[in-house]
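Read the structure below first, then the notes.
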Amino acid sequence: MTAPPRIGARAGAGKADADNKGASAACGKGQTAKGRRGGSESGLRGSPAERDAAPGVLVFSFAALGYIPKGQGSQASGLDSMDQGEGKTTHFGFRTVDETAKAGMVHGVFTRVASKYDVMNDVMSGGVHRLWKDAMMDWLAPRPGQRLLDVAGGTGDVAFRFLGRAPGASATVCDMTEQMLVEGRNRAEAEKMGDRLDWVVGDAMALPFADRSFDTYTISFGIRNVTRIHDALAEAYRVLKPGGRLMVLEFSQLPNPMLQKAYDLYSFNVIPVMGQVIAGDRDSYQYLVESIRNFPDQDSFAAMIRAAGFGQVKYRNLTLGVAALHSGWKL
């Protein structure tokens, strides 16, 4: 089968990117593809589709997973149907929706906010999200030669930090929203680290990677948007090597009820307004605030990680519990 392209230069950077045009829409299961990193297997599995992806972004066919995109190409609004979970419901913010509809709705949110995503993160948190990601790296302690999978990695913040601390390491950023990956590849850091960095469109619940492919799995502010969190955790366990580590950075719950109430007042009354002013999109940020309130508290989420098979599960609160880091090991 066709070898997956080597992701390096920024989007639109010329012939190298033109040569890197691959296949289209989300991830699939199938044969392991041969990669160009040292001639070894890349760990990717699935068959290329016919449409060209954004330059330098590797994508796989929906058909291998039984997913049907609502639209065509990069304008597809998400997943229309899926065999598993047919007839079941889940939450989308405070709304109850069909399980089969949520992925497409989340895809739509992040496609709309992609161009302003980094700016909004800085404005909403006063830049504190950068300190949280630094704390994540401090606890993770990246080592040279490790292979990272950053799921829901969006514009690459975590992957850039990981590679900056671990010479000789490599990283794959996997996100279901192609436009988020395009924004990441346009950042200056992507050009500097291009020879160690891949960008892949894929679904956290059905990753397009072979078993035991990665040393480290991270997901930051993304797992609360997954339709079935237990499936995403099972996939994390599958793609990690024995001895590999899971680390999740996510918004959480403040243990002090009065502080939680004050934080909720800020979240529901200020953040959607910021979204309207800065990104021209109040509804997407209203959903993001609501999704935070629906996410399990620290102990409940730690129990979910243990149920997925991970050992030595621990968590650390950040900024009094506004966010939390959860760590687990594949023992």
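With positions in the sequence shown counted from 1, the corresponding number in the working numbering is that position plus 28. For every residue, glycine included, the Cβ atom is placed at its ideal position computed from N, Cα and C. Keep in mind the model is a prediction, meaning the values are calculated, not measured.
DSSP three-state assignment for residue i, whether helix, strand or coil
i      : result
Thr347 : helix
Lys342 : strand
Asp325 : coil
Ala260 : helix
Leu159 : helix
Val186 : helix
Leu191 : helix
Leu93  : Because Leu93 sits at a pLDDT of 34, beneath the cut-off of 50, its placement in the model cannot be relied upon, and the following sentence gives the value as read from the coordinates. Note: Leu93 maps to helix in three-state DSSP.
Gly154 : coil
Val254 : coil
Residues sharing a beta bridge with residue i, DSSP
i      : result
Ile247 : Val179 and Val276
His354 : Val276 and Tyr343
Ala336 : Paired residue(s): none; Ala336 is not in a bridge.
Phe242 : Leu268
Asp126 : Thr117
Whole-Å CB distance - residue i paired with residue j, under 8 Å assumed
i      : j      : result
Phe323 : Phe279 : 7 Å
Met208 : Gly182 : 4 Å
Arg273 : Trp160 : With 8 Å as the limit, Arg273 and Trp160 do not qualify as a contact, their Cβ atoms being about 18 Å apart.
Ile333 : Met152 : About 26 Å; that fails the 8 Å criterion.
Ala199 : Ala187 : 4 Å
Asp223 : Gln174 : Incorrect: roughly 16 Å between the Cβ atoms, too far for contact.
Leu359 : Val267 : In fact, because the Cβ distance is near 16 Å, the residues do not count as touching under 8 Å.
Arg215 : Ala194 : Their Cβ separation, rounded to whole angstroms, is 19 Å, which puts Arg215 and Ala194 out of contact at 8 Å.
Thr347 : Val156 : 6 Å
Where the alpha helix (DSSP H) through residue i begins and ends
i      : result
Val8   : Residue 8 lies beyond the range of the chain shown here (29 to 359); nothing can be said about it.
Val298 : Pro285 to Met302
Val229 : No alpha helix (DSSP H) contains Val229, which is instead part of the beta strand (DSSP E) from Leu225 to Val229.
Ala232 : Unbroken run through Ala232: none, as it is neither H nor E.
Ala169 : Unbroken run through Ala169: none, as it is neither H nor E.
Gly212 : Glu206 to Arg213
Ala218 : Ala216 to Lys220
Opening and closing residue of the beta strand (DSSP E) in which residue i lies
i      : result
Ala199 : Ser198 to Asp203
Practice prompt. Report yes or no: do the region 298–312 and the region 251–263 share at least 3 C-beta pairs separated by less than 8 Å?
Written response: no
Worksheet item: Is the region 333–353 in contact with the region 269–287, if contact means three or more CB pairs nearer than 8 Å?
Response: yes
Discussion item. Whether or not the region 226–244 and the region 189–205 are in contact is what I'm after, with contact meaning three or more pairs of Cβ atoms, one per stretch, closer than 8 Å; do they touch?
Written reply: yes
Discussion item. Pairs of beta-carbons, one from the region 244–257 and one from the region 311–328, closer than 8 Å: are there three or more?
Written reply: yes
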